[in-house]
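Trainee: If you use the numbering used here, the sequence shown corresponds to residues 1265 to 1584, in order.
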Amino acid sequence: MSHTHEHDHECDEDCGHDHGHEHSHSPIDELVTVRDLIRYAVTRFNRAGLYFGHGLQDAYDEAVYLVLHTLHLPLDRLDPFMDACIPSDERAEVLEKIARRADERIPMAYITNEAWLGDFRFYVDERVIVPRSYCAELMEEGFSPWIAHPSDVKRALDLCTGSGCLAILMAHRFPDALIDAIDLSDDALDVAARNVDDYGLNDQVRLIKSDVFAALGDERYDLIVSNPPYVTTESMERLPDEYRAEPEMALAAGDDGLDVVRVILREARRHLTDDGIVVVEVGHNRDLVEAAFPELELVWLSTETEDDKVFLVRADQLPE
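Listed below in structure tokens is the structure:
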């Protein structure tokens, strides 16, 4: 064991802790190891008062992810690298990304161009909202008992697909299903196309530009899943900068946040098979939804982390 400690000390000397005599110290001279860079990032993020709402819990989680990702190290193995010395060109890259996150307050996913839902990785940039969805957790159970077996789903629709993430999860959960993924944004569909291609799903997932159901004609589906825009006008005004960096069109949905949900519930029946179901994510808006649709028998679904953020309706309960 002592050998590794000696190595650490040699590392300190070799890595420039003592090369600062000729010029004033900057972070790049002082911060040498992974441990140093993570500590510095946590401090910068906390000082900046950043908001963490895109999948990582806090400043520490974001700092670890940013450093490991930038250095192309495995995201699930921090310990072996904590005391590794980082060459100055790599340090510069890490410090530049730390500064962007702290100063510009943009979501980490836009800096690293990736986001994760469970074990699934997606390419993302400013053209789409950062993937985050309670529907993703629910997909793991396959919407049982409403869907008895994955093979029962022959056609499925991801409404407001954004980066294509839910369509890709559906393709894996329901391997026999042909899946349509629609969005009104050409930019979003470009990103979704890249992700569908990355997963080799071009034969199973079809991307369509459509304003809700408008372009779908008489298509019918066994399952419709939607994570639509649902942020109220009042909430939009209070959003942290990190959410404001995302496309407004993917978030804002009128005074009560239900502009798109109303269209979905009004028109879903004619796009569902007789035994079909529609699953819609509405965030914190359960009270608003129930007030707007008192006649509908909504089933509120629970994930491991949250209740009352997603509802399910059967086709036979929807208005014709």
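Just so you know, even glycine gets a beta-carbon here, dropped at the ideal spot from N, CA and C.
All of these numbers come straight from a predicted model, not from anything done at the bench.
1) Quick one: what does DSSP say E1378 is sitting in, helix, strand or coil?
2) Should V1563 go down as buried or exposed, given a rule of 16 or more other Cβ atoms within 10 Å for buried?
3) Rounding to the nearest angstrom, what Cα-Cα distance links V1388 and P1492 in this structure?
4) Leaving out five residues on either side along the sequence, give the residues of the same chain with a beta carbon under 8 Å from the beta carbon of Y1485.
5) Do the stretch 1465-1479 and the stretch 1438-1457 touch if we need at least three Cβ pairs shorter than 8 Å?
6) Which residues in the same chain have their Cβ closer than 8 Å to the Cβ of R1355, if we skip the five residues on either side of it in sequence?
7) Between the alpha carbons of A1366 and A1532, how many angstroms are there, rounded?
8) Using C-beta distances below 7 Å, list every residue in its chain close to E1584, excluding the 5 sequence neighbours before and after it, in chain order.
9) Which first and last residues belong to the beta strand (DSSP E) in which S1566 is found?
10) The beta strand (DSSP E) that contains E1545, what's its start and end?
11) Assign H1271 to buried or exposed, taking buried as 16 or more other Cβ atoms, counted over all protein chains shown, within 10 Å of its Cβ.
12) Using 8 Å as the threshold, is the stretch 1552-1570 in touch with the stretch 1384-1404, meaning 3 or more CB pairs across them?
13) Quick one: residues in its chain with C-beta nearer than 8 Å to the C-beta of T1496, no 5 flanking neighbours on either side, listed in chain order?
14) Can you list, in chain order, the residues of its chain whose CB lies under 6 Å from that of E1286, leaving out five sequence neighbours each side?
15) Using 8 Å as the cut-off, can you tell me whether the stretch 1366-1381 makes contact with the stretch 1404-1412, which would need three or more C-beta pairs spanning the two stretches below that distance?
16) Measure the CB-CB distance between R1394 and A1379 and report whether it falls below 7 Å.
17) Which residues in the same chain as A1363 place their Cβ atom closer than 8 Å to its Cβ, once the five residues preceding and following it in sequence are excluded?
18) Can you have a look at A1412 and say buried or exposed, based on whether 16 or more other CB atoms are within 10 angstroms of its CB?
19) Hey, quick one: how far does the alpha helix (DSSP H) through Y1324 stretch, first residue to last?
20) I'd like to know whether the C-beta of H1548 is nearer than 7 Å to at least one C-beta of chain D.
21) To test your reading of the DSSP string, which unbroken alpha helix (DSSP H) runs of 4 or more residues are found completely within the stretch 1357-1415?
22) Would you kindly report the start and end of the unbroken alpha helix (DSSP H) that includes D1523?
23) Provide the residue(s) that pair with I1446 in DSSP beta bridges, ordered along the chain.
24) Give the range of the beta strand (DSSP E) segment to which F1309 is assigned.
25) Given this structure, state the Cα-to-Cα distance separating Y1463 from A1312, to the nearest angstrom.
26) For A1514, tell me which candidate among L1565, V1574, S1566 and D1450 has the shortest Cα-Cα distance.
27) How is the beta strand (DSSP E) around D1572 delimited, first residue to last?
28) Cβ of E1357 within 7 Å of Cβ of T1334?
29) Could you check the C-alpha separation between S1352 and E1360 for me, to the nearest Å?
30) What residues in its chain sit with their C-beta under 7 Å from that of N1310, if we drop five residues either side in the sequence?
31) Since I believe V1544 is in contact with F1575 (beta carbons under 8 Å), could you give me their beta-carbon distance rounded to a whole number of angstroms?
32) So, helix, strand or coil for L1480, using DSSP?
33) What separation, rounded to the nearest whole angstrom, lies between the Cα atoms of L1314 and L1339?
Mentor: On the basis of the coordinates in this document:
1) Locating residue 1378 in the sequence shown gives position 114, counting from the first residue. Here E1378 sits in coil by DSSP.
2) For this step, residue 1563 is matched to residue 299 along the sequence shown. Looking at its Cβ environment, which holds fewer than 16 other Cβ atoms inside 10 Å, V1563 is exposed.
3) Residue mapping note: residue 1388 aligns to position 124 of the sequence shown, counting from 1. Residue mapping note: residue 1492 aligns to position 228 of the sequence shown, counting from 1. Taking the straight line joining both Cα atoms gives about 18 Å.
4) Here residue 1485 corresponds to residue number 221 of the sequence shown, with the count starting at 1. Excluding residues within five positions, the ones whose Cβ falls inside 8 Å are R1419, A1420, L1421, D1444, H1535, L1536, T1537 and G1540.
5) yes
6) In the sequence shown, the residue the question calls residue 1355 occupies position 91. Closer than 8 Å at the Cβ level, and outside the excluded window around R1355, lie I1292, L1295, V1296 and L1301.
7) Translated into the one-based positions of the sequence shown, residue 1366 becomes position 102. Translated into the one-based positions of the sequence shown, residue 1532 becomes position 268. Each residue's Cα considered, the two are about 43 Å apart.
8) Position 320 of the sequence shown, counted from the first residue, corresponds to residue 1584. Excluding sequence neighbours, E1584 sits near R1533.
9) For the purposes of this step, residue 1566 is taken as the residue at position 302 of the sequence shown. From DSSP, the beta strand (DSSP E) with S1566 extends over V1563 to S1566.
10) The sequence position of residue 1545 within the sequence shown is 281, counting from 1. Residues L1536 to E1545.
11) Working through the sequence shown from its first residue, we reach residue 1271 at position 7. Reliability fails at H1271, whose pLDDT of 42 lies under 50, so the model's placement of it is uncertain and the value that follows must be treated cautiously. H1271 comes out exposed.
12) yes
13) The sequence position of residue 1496 within the sequence shown is 232, counting from 1. So the list reads A1517, G1518, D1519, D1520, G1521, N1549 and L1552, once near-sequence residues are dropped.
14) As a position in the sequence shown, residue 1286 is number 22, starting the count at 1. Since pLDDT at E1286 reaches only 49, below the 50 mark, its modelled position is unreliable, and no value is offered.
15) no
16) For the purposes of this step, residue 1394 is taken as residue 130 along the sequence shown, with counting starting at 1. For the purposes of this step, residue 1379 is taken as residue 115 along the sequence shown, with counting starting at 1. Per the sequence shown, the amino acid found at residue 1394 is Val instead of Arg. Against a cut-off of 7 Å, the Cβ pair of A1379 and V1394 comes out as a contact.
17) As a first step, residue 1363 is located in the sequence shown; it is residue number 99 there, counting from the start. R1308.
18) Position 148 of the sequence shown, counting from 1, holds the residue named residue 1412. With fewer than 16 Cβ atoms within 10 Å of its Cβ, A1412 is classed as exposed.
19) Locating residue 1324 in the sequence shown gives position 60, where the first residue counts as 1. A1323 to T1334 is the extent of the alpha helix (DSSP H) around Y1324.
20) No chain D appears in this structure, which consists of one protein chain only.
21) 1372-1376 and 1398-1403
22) Along the sequence shown, one-based indexing puts residue 1523 at 259. From DSSP, the alpha helix (DSSP H) with D1523 extends over D1523 to E1531.
23) Looking up residue 1446 in the sequence shown gives position 182. Partner(s): L1423 and I1472.
24) What you label residue 1309 is simply residue 45 of the sequence shown in a count that begins at 1. Segment V1298 to A1312 is the alpha helix (DSSP H) holding F1309; no beta strand (DSSP E) there.
25) The sequence position of residue 1463 within the sequence shown is 199, counting from 1. The sequence position of residue 1312 within the sequence shown is 48, counting from 1. Each residue's alpha carbon lies about 37 Å from the other.
26) Taking the first residue of the sequence shown as 1, we reach residue 1514 at position 250. Nearest option by C-alpha distance: D1450.
27) Your numbering for residue 1572 matches position 308 in the sequence shown. Run containing D1572: D1571 to R1578, per the beta strand (DSSP E) assignment.
28) As a first step, residue 1357 is located in the sequence shown; it is residue number 93 there, counting from the start. As a first step, residue 1334 is located in the sequence shown; it is residue number 70 there, counting from the start. Yes.
29) For the purposes of this step, residue 1352 is taken as residue 88 along the sequence shown, with counting starting at 1. For the purposes of this step, residue 1360 is taken as residue 96 along the sequence shown, with counting starting at 1. Cα to Cα, the separation comes out at about 12 Å.
30) On the sequence shown, residue 1310 is found 46 positions in, with the first residue counted as 1. Counting only Cβ-Cβ distances below 7 Å, and skipping sequence neighbours, we find A1323.
31) In the sequence shown, the residue the question calls residue 1575 occupies position 311. In the sequence shown, the residue the question calls residue 1544 occupies position 280. The pair is a contact, with the Cβ atoms about 6 Å apart (cut-off 8 Å).
32) As a working mapping, residue 1480 is identified with position 216 in the sequence shown. Of the three classes helix, strand and coil, the one that applies to L1480 here is helix, per DSSP.
33) Within the sequence shown, residue 1314 is the residue found at index 50, counting from 1. Within the sequence shown, residue 1339 is the residue found at index 75, counting from 1. C-alpha separation (whole angstroms): 22 Å.
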